[in-house]
Every structure is written in structure tokens, then in C-alpha cells.
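The working numbering puts the first residue of the sequence shown at -13, with every later residue one more than the last. Beneath this line is the structure, given in C-alpha cells, with notes to follow.
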Amino acid sequence: MSAVVEEYRAWLTEFLPKDYYERYREYRWDLTLRRDYQRAAFEAGWLQPTWPREHGGRSLGLRDAMEVRIEGALRSAPKLPNIQGPGVAAPGIRQFGTPAQIDRLLVPLLRGDEWWALGMSEPEAGSDFAGLRTRAERDGDVFRVNGHKIWTTQAHLSRWCTLYARTDPEAPKHRGISCLILDLQSPGVRVEPIRMASISDETFCEVFLDDVELPAENLLGPLHGGWNVALSSLHHERQMIWIMNWVEIKRGLDAVREARPTDDICAELGSLLADAEALRATGYRALGNELAGRASPEADILKLLGSVTLQRVWELAAVARGQDGVSDPDLLFERQDALAATIYGGTSEVQRNIIAERLLGLPKG
Ligand SMILES: Cc1cc2nc3c(=O)[nH]c(=O)nc-3n(C[C@H](O)[C@H](O)[C@H](O)COP(=O)(O)OP(=O)(O)OC[C@H]3O[C@@H](n4cnc5c(N)ncnc54)[C@H](O)[C@@H]3O)c2cc1C
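Have a look at this one:
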């Protein structure tokens, strides 16, 4: 184990309550602990390990940063309470923000003092992100925004939203979109949480935008350049999400083993073990490409393989447990969570299309 991973491990052990692992089922949902973890990780430089100190990191190289993240996942470090803030919005602000935007927004986001929502999906434009209809029209020194977003996780608890809107209706679909920083407290914004059957604590919302005035300086990145802001912001998440999936898959595999599986289940277990190893190897290959400065086509494979394997593992755990697995709320949660992973950030079907067309060069169906 490298010295930096050892240092992180010691820090985490010191941070966590002494009975954390014994009472993990309760601590897992403890919002105060999760908020405290984010703030403490920011201050100690473990939140964004490759970034400089003032932005919650310690300027680590990619390899060390990945090992730190793997260690955190293996030790079930508390889940960040507003994951899309540090995971997606922050990299976008850091890459595309003006100095004034970075000064005002980045540290409160990283410390977890201000939460963020991602305003991408719409009722008629989910997978077809480029088809979004929310309009932002320039009117003097403001944008006037009208539209409707859906599945906006935690919008009801967030102060800010990266809002994607059409700013040039004449341009080809993906060239006419801009990313705007929306203050969710602005007049004309209505946020409505969606009642969910799921037991997750991450509530979805609808966001209605009725003639919302947004200062022109809240444009994030180039005008009509929102497509690239979205791709770059999500890329950061893609690079790391496989680690979380891999660790969750390992937990699921343990759950199957503990259920004393039949021969048929053992055969499926073997196939899943192989997929888990393939996921890890692909993650390291992606890292190798990044370190060598080569294009890394693995991100889409990691997203697809990680989420599909996770779903298969927890379904198998349910089958292996038989009747009593049906009434186990923890198992139900794992299955729902695994299912969600095959949808957010691009559904499995869409990932397969991308891999088929862009990586394998197959003709469009
Ligand atoms: C846990 C979770 C959190 C989320 N958080 C956010 C958030 O914070 N902000 C946000 O903006 N969105 C969020 N989303 C929404 C998510 O991005 C969309 O659900 C996703 O992009 C799919 O869009 P859709 O639901 O409109 O489904 P659709 O695009 O309508 O797809 C319906 C079905 O058709 C399939 N399909 C669609 N197009 C094709 C195609 N070309 N080829 C083959 N099959 C296709 C899909 O795979 C899917 O099975 C979240 C979703 C989940 C599950």
C-alpha cells in the first residue's frame, strides 16, 4: 500500500465513529455524518485528490488518486450527500467557469454548504439530450428562460442548478444548447419533488421555469457550447463511477456466497466474478491510457459493464436468498440502486449504441 493510501486510511479511521462498521446500516443514511465527512475530506484534501489544496485536494497524480478512491470505497467511506455537486457540477465549473464564477461558487459547493442539481433531462428529452426544448433567449443583459426539467435529483434541497437550455433554435440540435447557472431561488422557478416508490433518499424533482430572468454572466462556458460542457462534466463522473460499482459488485458477490447457493447459482456466480475482474482490469487500462496521454475509449464500457454486472449480482443475491430475500428491505434497496445505475448518466441501451457505433465502428441500425 502506498504511503498516501496509508495516510488516507489512517485519516478515515480517525474520522469515522468507533462503532461505524457495527452500525453501518444506520450510519449509511446519517446525513449529518455524510455532511461532516464531505467538509472534513475537503479540508484534509481527500475530496478531489488531484486538485490543489484550495479546492479540496492535494495535487495527487491520477494513480494515487484512484487508489485513494478505491480505498474509500472498500472501507465504505460515507457517501457524499449531494454527489452530483462534487462529481459533475464542480469539474464543469472548474474547467469552464470564469474567475468570478469559480471564486463565488466552487468552495461552497466542495464544502457541501451549497448543493447543486443537474438540469438536463426533460419529459421529451432524456436519452435524446440534444433534443431538449427549454429555451433561453437573450434579452439585454439577461437570459429569459422557459421550460420544464424532470428527474432533477435533489433540486428541492439545492441552491444552484446547471441548466441546459436551447439558445440557438436554428442551429443543428447539439450546437444550439448552452449551460446556464440557475439560482433555484429565482422568481419564476417552481420545484416539485416527485413522490417515489423507491426507498432511496435521493428525491427526484420536476423544475418548472416560467419567464425566469437569469443574468447573462451566469453562462457557463461558451454560448451555444453547452454540449461540450455536459460531456466534459459527465466524463469526470464516468472515470470514477466504476470504482463504486466494482466495490458494490464485490459486496453483492459476498451476499450470494453467504446465501449458500445451488449449483446453478454457482455457475452464474462464476460468470459474475469474471465480469467483476474484467471491470477492474478495464478500469486500470483506462488509467494507463490517461497516464500515457492517449484517448481513453473505456469510459463507456466501464459505465455499461459496471452497471449491468451490478444489477445481475443483486438479482442473483435475491434469487439465492429465496423467499426471505423478498421481504428484506436492504436487499430491495440494493436491487433498486443497481437498477438506477443502468439508467442515470445514459441508459444501457444508449451505451450499447455508442460502443457499437463509435468504438466498434458498426453501422447504425
Ligand atoms: C437515479 C437517477 C438519477 C437521475 N438524476 C438526474 C439528474 O439529476 N438530472 C437530470 O437531468 N436527469 C437525471 N436522471 C435522468 C436520466 O438522465 C434519464 O432517466 C436518462 O437519461 C434516460 O432518459 P429517460 O428517462 O427520458 O428515458 P428515455 O430516453 O425516454 O428512454 C426510455 C427507454 O428507451 C430506451 N432508448 C432511448 N433511446 C434509445 C435509442 N436510441 N436506442 C435504444 N434504446 C433507446 C432507453 O434505453 C430506455 O430503456 C436521473 C435518472 C436516475 C435513474
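Beta carbons: idealized from backbone N, C-alpha and C, even for Gly. Here the structure is a predicted model, which is why all the values come from computation and not from measurement.
Check: residue i C-beta below 7 Å from any heavy atom of ligand 1
{"i": "residue 70", "result": "yes"}
{"i": "residue 350", "result": "no"}
{"i": "residue 339", "result": "yes"}
{"i": "residue 95", "result": "no"}
{"i": "residue 103", "result": "yes"}
{"i": "residue 212", "result": "no"}
{"i": "residue 106", "result": "yes"}
{"i": "residue 117", "result": "no"}
{"i": "residue 135", "result": "yes"}
{"i": "residue 114", "result": "yes"}
{"i": "residue 79", "result": "no"}
{"i": "residue 177", "result": "no"}
{"i": "residue 189", "result": "no"}
{"i": "residue 86", "result": "no"}
{"i": "residue 332", "result": "yes"}
{"i": "residue 167", "result": "no"}
{"i": "residue 329", "result": "yes"}
{"i": "residue 335", "result": "yes"}
First and last residue of the uninterrupted alpha helix (DSSP H) at residue i
{"i": "residue 328", "result": "Taken as a continuous stretch (DSSP letters only), residue 328 belongs to no alpha helix (DSSP H), as it is neither H nor E."}
{"i": "residue 212", "result": "212 to 244"}
{"i": "residue 350", "result": "No alpha helix (DSSP H) contains residue 350, which DSSP labels as neither H nor E."}
{"i": "residue 8", "result": "Neither: residue 8 is in no alpha helix (DSSP H) and is coded neither H nor E."}
{"i": "residue 155", "result": "Where residue 155 is concerned, there is no enclosing alpha helix (DSSP H), given that its DSSP letter is neither H nor E."}
{"i": "residue 289", "result": "284 to 307"}
{"i": "residue -2", "result": "-11 to 1"}
{"i": "residue 130", "result": "Looking at the DSSP string, residue 130 is not in any alpha helix (DSSP H); the run it does join, the beta strand (DSSP E), is 128 to 135."}
{"i": "residue 194", "result": "Unbroken run through residue 194 is the beta strand (DSSP E), 191 to 201; no alpha helix (DSSP H)."}
{"i": "residue 97", "result": "85 to 97"}
{"i": "residue 176", "result": "Not the alpha helix (DSSP H): residue 176 falls in the beta strand (DSSP E), residues 175 to 179."}
{"i": "residue 182", "result": "That residue, residue 182, is in no alpha helix (DSSP H); it is neither H nor E in DSSP."}
{"i": "residue 334", "result": "334 to 340"}
Whole-angstrom distance between residue j and residue i, CA atom to CA atom
{"i": "residue 345", "j": "residue 107", "result": "25 Å"}
{"i": "residue 102", "j": "residue 168", "result": "10 Å"}
{"i": "residue 267", "j": "residue -6", "result": "23 Å"}
{"i": "residue 148", "j": "residue 245", "result": "44 Å"}
{"i": "residue 21", "j": "residue 69", "result": "11 Å"}
{"i": "residue 324", "j": "residue -12", "result": "31 Å"}
{"i": "residue 120", "j": "residue 95", "result": "25 Å"}
{"i": "residue 136", "j": "residue 332", "result": "15 Å"}
{"i": "residue 99", "j": "residue 322", "result": "29 Å"}
{"i": "residue 173", "j": "residue 193", "result": "13 Å"}
Residue span of the beta strand (DSSP E) that contains residue i, given as start and end
{"i": "residue 68", "result": "First-last for residue 68: undefined, no H or E at that position."}
{"i": "residue 163", "result": "163 to 169"}
{"i": "residue 149", "result": "146 to 152"}
{"i": "residue 104", "result": "102 to 105"}
{"i": "residue 121", "result": "121 to 125"}
{"i": "residue 110", "result": "Careful: residue 110 lies outside any beta strand (DSSP E) and carries neither H nor E."}
C-beta neighbour in chain C for residue i, strict 8 Å
{"i": "residue 30", "result": "Among the chains of the structure shown, chain C does not appear; only one protein chain is present."}
Sequence-distant residues of its chain with Cβ nearer than 6 Å to residue i (five each side left out)
{"i": "residue 242", "result": "255, 302, 303 and 306"}
{"i": "residue 235", "result": "262, 295, 296 and 299"}
{"i": "residue 276", "result": "48 and 282"}
Own chain partners of residue i with C-beta closer than 8 Å, once the 5 adjacent residues on each side are dropped
{"i": "residue 229", "result": "52, 55, 56, 59 and 269"}
{"i": "residue 290", "result": "334, 337, 338 and 341"}
{"i": "residue 104", "result": "70, 74, 75, 138, 139, 147 and 148"}
{"i": "residue 156", "result": "162"}
Close beta carbons around residue i, own chain, < 7 Å, minus the five adjacent residues each side
{"i": "residue 273", "result": "48, 49 and 52"}
{"i": "residue 343", "result": "350"}
Supposed close pair residue i, residue j - CB separation, criterion 8 Å
{"i": "residue 166", "j": "residue 204", "result": "5 Å"}
{"i": "residue 67", "j": "residue 24", "result": "7 Å"}
{"i": "residue 292", "j": "residue 231", "result": "3 Å"}
Cβ-heavy atom distance, residue i to ligand 3, below 7 Å
{"i": "residue 131", "result": "What this structure holds is ligand 1, not ligand 3."}
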